[in-house]
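In the UniProt record's numbering, the protein residues as written are 1 to 235.
Read through the structure below, which is laid out as structure tokens, and then see the notes.
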């Protein structure tokens with residue numbers, strides 16, 4: 001570790017230097033427009049945290065220097081598209097989380113009333129019931145750990161737990177996945193449309209330049225050969 005330590009520190013300093021130079025060049029090139037791009041602001045904040053001095057009072061902020069690895073997100077277009085899709089899906093995810101919260105609240109009330117007296121460690125209160133239901137939703141030891149012991153005293157308990165798993169694990173969670181995938185597709189289409197518009201604008205600009213050059217050539221021909229140019233015009 002003693003031999004690897006200096007190498008790691010040197011690599012860390014080299015990467016940080018590259019990041020600082022990159023941001024400085026972008027700021028010189030774009031000026032205040034640099035802050036109009038959210039990804040530029042993100043990179044600026046990450047690198048600023050990395051440049052924090054080694055003072056004891058700023059040790060917590062300096063510990064956040066590990067966030068520099070998040071710059072990979074802005075460097076890779078595909079990964080950036082995933083993050084943009086996730087952020088775009090947040091408004092729709094709020095409704096899904098509200099639906100999930102209602103399912104958990106109703107389930108917690110029911111399990112507290114039905115199974116709380118016999119299994120207080122799992123369903124003794126609303127908080128414990130909600131946590132147990134969350135464990136069941138994640139399918140982590142839900143059968144042997146919770147449901148089967150409950151069914152030994154309440155054989156009809158499966159009438160609650162099975163529909164709860166179907167509704168939360170398979171329905172609501174898949175809704176979240178669908179929202180994220182749909183947002184990623186929308187972000188991909190927007191990026192494609194932006195690239196298409198940029199290419200179209202570039203083509204139009206080139207056509208305008210070609211047209212101006214042709215007009216300049218016509219004017220030069222008329223200026224150099226006014227007689228020939230007038231005959232060509234009459235013809």
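Glycine included, C-beta positions come from ideal geometry on N, C-alpha and C.
Where does residue 174 fall in DSSP's three states? In this structure, residue 174 counts as helix in the three-state DSSP scheme.
Sequence-distant residues of its chain with Cβ nearer than 7 Å to residue 35 (five each side left out): 41
If you draw a straight line from the alpha carbon of residue 9 to that of residue 195, how long is it in whole angstroms? Going from the Cα of residue 9 to the Cα of residue 195 covers about 40 Å.
Helix, strand or coil for residue 95? Go by DSSP, reduced to three states. When DSSP states are grouped into helix, strand and coil, residue 95 belongs to the helix group.
Outcome for residue 234 when other beta-carbon atoms lying within 10 angstroms are tallied against a minimum of 16: At residue 234, the pLDDT of 48 sits below 50, so the modelled position is not reliable; the number obtained from the coordinates is stated separately. Exposed.
Is the beta carbon of residue 43 less than 9 Å from the beta carbon of residue 13? no
Helix, strand or coil: how does DSSP classify residue 140 here? Reduced to three states, the DSSP call for residue 140 is coil.
What residues in its chain sit with their C-beta under 7 Å from that of residue 125, if we drop five residues either side in the sequence? 112
For the structure I just gave you, are there three or more beta carbon pairs, one from the segment 120-139 and one from the segment 204-223, closer than 8 Å? The answer is no - the segment 204-223 does not touch the segment 120-139, with fewer than three Cβ pairs under 8 Å.
On a Cα-Cα basis, can you pick out the residue from 72, 15, 85, 73 that is closest to residue 51? 15
Length of the line joining the Cα atoms of residue 176 and residue 93: 6 Å
Alpha carbon of residue 170 to alpha carbon of residue 33, nearest angstrom: 45 Å
For residue 150, which residues from the same chain have a beta carbon less than 7 Å from its beta carbon, with the 5 sequence-adjacent residues on both sides left out? 115, 119, 157
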